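This report concerns only the one structure given below.
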Amino acid sequence: MILLELDANRFRDFFAAFLEPIAVLGYVGQAVFAGRFLLQWYVSEKAGFSVVPKAFWYMSLVGSALLLVYACIKHEPVLFVGQLPGFIVYSRNLKLLSKAHATASPPA
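Structure, rendered in structure tokens:
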């Protein structure tokens, strides 16, 4: 009987964690991060060929930033280490895109 009670408590605690305010930050980060692929898919289907829109990189950066904050707050070093290199790459890609756009634009 005690074993069932312990399992019920663990079950309750597990699902209670879904409602913690910090968990919402993690959900939003995951949703933005995953949504970038839906965006890329939609834009590619519309164009008829593979396209990576600039918004993909912004969504990557925002989703990664939210997950980095979540990882810091929750003391999750594995998640932090997993997201950090991507955050750097997404930032760099946006800088390169801005630089390419600036050089492609005619002077005013």
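Numbering-wise (the numbering used here), the sequence shown opens with residue -8 and increments by one. Glycine included, each C-beta is placed from N, C-alpha and C at the ideal position. Treat the numbers as computed from the prediction; the structure is a model and nothing was measured.
- Glu36 has its alpha-carbon roughly 25 Å from the corresponding atom of Gly77.
- Excluding sequence positions up to five before and after Leu85, its CB lies within less than 6 Å of the CB of Trp48, all in the same chain and listed in chain order.
- Within the region 33 to 78, the complete alpha helix (DSSP H) runs of at least 4 residues fall at 45 to 65.
- CA-CA distance, Phe24 to Phe2, rounds to 28 Å.
- Measuring C-alpha to C-alpha distances from Leu16 to each of Ser89, Val60, Leu88, Leu29 identifies Val60 as the nearest.
- If the five residues before and after Ala14 are omitted, its C-beta is found closer than 8 Å to the C-beta atoms of Ala8, all from its own chain and listed in chain order.
- A distance below 7 Å between beta-carbons, with the five flanking residues on each side excluded, links Lys65 to the following residues of its chain, in chain order: Ile13.
- Sequence-distant partners of Glu67 (beyond 5 residues in either direction) whose C-beta falls short of 8 Å from its own C-beta, in its chain, are Tyr61.
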